[in-house]
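Numbering (full-length UniProt numbering), first residue to last: 1 to 127. C-beta: ideal position from N, C-alpha, C; glycine also.
Structure representation (structure tokens):
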């Protein structure tokens, strides 16, 4: 899809060849990605005004967002989500995917995929 992945360190996983292969990430070599040492470093590198924060605690759904090219979709850890220092649930850029109350959370890769495809639907022609 042409999106770049920034991974804010410390990551909860390692990027060595053996672990990537074991995880079934045989496409990793085609991925445009970059590790960054901290949240602050990411904010210096990118425009924080273009950030959209994904959390089950957000008030707005992803379907209410008005995306534009150059946006940055921000996801937290699958187990704990985004830290309170980053996520403000009432921020209009905080978004959630609708799900049943009984569901604790969606898998991070599923959430990222849905969000990315909605962003692409609004901003480009998907072929």
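Can the beta-carbon of residue 129 be found closer than 9 Å to that of residue 8? Nothing can be reported for residue 129, as the shown portion of the chain is limited to 1 through 127.
Throw me the rounded Cβ distance for the residue 108 and residue 65 pair, which I believe falls under 8 Å. That belief does not hold up - the Cβ atoms of residue 108 and residue 65 are roughly 19 Å apart, past 8 Å.
Using only the alpha-carbon positions, how far apart do residue 98 and residue 61 sit? 6 Å
Verify whether the separation of the beta carbon atoms of residue 38 and residue 89 is less than 9 Å. no
From the DSSP output, which residues share a beta bridge with residue 34? Partner(s): 6.
For the beta strand (DSSP E) containing residue 94, name the first residue and the last one. 94-96
For a quick check, are the C-beta atoms of residue 67 and residue 119 less than 9 Å apart? yes
Could you have a look at residue 113 and say whether DSSP puts it in helix, strand or coil? Residue 113: helix per DSSP, three-state reduction.
Should residue 57 and residue 81 be called a contact, given that it needs their Cβ atoms to be closer than 9 Å? yes
Residue 115, buried or exposed, once every other Cβ within 10 Å from all chains shown has been counted against 16: When all chains shown are included, residue 115 counts as buried.
Kindly indicate the opening and closing residues of the alpha helix (DSSP H) around residue 42. 39-45
Starting from residue 73, trace the beta strand (DSSP E) both ways and give me its first and last residue. Per DSSP, residue 73 is one residue of the beta strand (DSSP E) stretching across 72-74.
Throw me the rounded Cβ distance for the residue 6 and residue 34 pair, which I believe falls under 8 Å. 5 Å
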